[in-house]
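Peer 1:
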Amino acid sequence: MPRPDVHDGHRHLGVLPAHPYYGGPAVLPTVGARATIAELRADLDSEGTSAALVIPNYGVPDPSVPFGLNELCVEAAQADERILAGLWVSPLVRDTAATERALALAGEPGVAALKLSFLLGGDADDPACQGRLDRIFAVAAAHDLVVHVHTSPGGPADVDRMGRLVDEYADRVAVHLVHLGGGVSGHIKLIGGRFFDWVAAGRRVYTDASWAVGFAPRWYAAEVARRGFGHDRLLFASDEPWSDHPGELARLTAAIDDPELARRVLAENFQDLYFRKRTGRPHPTTT
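In terms of this note's numbering, the sequence shown opens at residue 2 and continues consecutively.
(1) Just to confirm, is the Cβ distance from residue 78 to residue 88 under 8 Å?
(2) Measure the Cβ-Cβ separation of residue 154 and residue 118 and say whether it is below 8 Å.
(3) Return the CA-CA distance between residue 149 and residue 124, expressed in angstroms with no decimal places.
(4) Touch check for the stretch 5-22 and the stretch 243-256: three-plus C-beta pairs under 8 Å?
(5) Between residue 241 and residue 24, what straight-line distance do the alpha-carbon atoms span, to the nearest angstrom?
(6) Rounded to the nearest angstrom, how far is the Cβ of residue 106 from that of residue 75, given a contact under 8 Å?
(7) Would you say residue 206 and residue 171 are within 8 Å of each other, going by their C-beta atoms?
(8) What residue ranges within the stretch 200-246 form continuous beta strand (DSSP E) runs of no fewer than 3 residues, ordered along the chain?
(9) Whose C-beta lies closer than 8 Å to the C-beta of residue 33 among residues of the same chain, with five residues either side of it excluded?
(10) Hey, quick one: how far does the alpha helix (DSSP H) through residue 260 stretch, first residue to last?
(11) Nearest to residue 58 by CA position, among 52, 41, 48 and 47, is which residue?
(12) Beta carbon of residue 186: closer than 7 Å to some heavy atom of the ligand ATP?
(13) Specify, as a first and last residue, the run of the beta strand (DSSP E) that residue 186 falls within.
(14) Can you tell me which of 156, 138, 83 and 260 puts its alpha carbon nearest to the alpha carbon of residue 54?
(15) CA-CA distance, residue 256 and residue 225?
(16) Going by beta-carbon coordinates alone, are residue 19 and residue 68 separated by less than 8 Å?
(17) Grab me the residues of residue 262's own chain with a C-beta within less than 7 Å of its C-beta, minus the 5 sequence neighbours each way, in chain order.
(18) Taking 6 Å as the limit between beta carbons, can you name the residues of its chain near residue 1, skipping five residues before and five after?
(19) When you compare only the Cα positions, how much space is there between residue 213 and residue 183?
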């Protein structure tokens, strides 16, 4: 069976420091993390990945770590036409200076997205974050960038809260809800109606199936077939090094029986979202 054309909707670059997660000893769980552009490019070569959006690695409670990787991601995008860069930004007032330095890179060649996560603080419902969110989304709109938002069940990253960002901004900015809502509850909330309601209402909302529980991508594909739309809103993502490219690819391809939908999810939706509409760059396979 031929290898499918695969575009990676998000993965991470950079190595994190060891951290005592959950009160345990300091550990470094992301053993597959890549510190250099050369290592990243070698991974893309070995995987046969045609294109990838690369975002600073994060996962320790120190925002200086992902902020410090922004320029490396931009450099990667400018070194390899397969790579597009996402910039780490923060809705927290205390991170204003670092976020403004990140936003100053928004017009750099190869930059295609902004990434924020409330796992490192803040809340979409917190009035103190509103001004910074407005600023982040204004820059995204000005540069036609996609805003990636982490979702996970419960707490400030729950899709209930992230949905407010879709309601507030996705009429003019593409919002990518990472991890399909995050966990069983998020999957059910989104696929059970909310995600498709947003699409039907004209919201520019996207998602990916990384970390998804097995039923979710199968259900999403079934809903696309039943409703007749939504085929253009799901992307493949490896989420390396927090997940694994071979496993994510195997799970997603096994879940989607329709060859046309599989082609869209694995490649064409990425092309439409990034290469054709935003960066002005031709697809790497055409140059």
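Backbone N, C-alpha and C fix where the C-beta goes; we use that ideal spot for every residue, glycine too.
As the structure is a computational prediction, the values presented were derived from the model and not from experiment.
Peer 2: Walking through what the data contain:
(1) no
(2) no
(3) 15 Å
(4) yes
(5) 25 Å
(6) 6 Å
(7) yes
(8) 206-209
(9) 241, 242 and 245
(10) 260-264
(11) 41
(12) With respect to small molecules bound, the structure shown includes none, and the ligand ATP cannot be examined in it.
(13) That residue, residue 186, is in no beta strand (DSSP E); its alpha helix (DSSP H) goes 184-190.
(14) 83
(15) 13 Å
(16) no
(17) 222, 225 and 232
(18) Within the shown structure, residues of the chain are numbered from 2 to 288, placing residue 1 beyond reach of any answer.
(19) 7 Å
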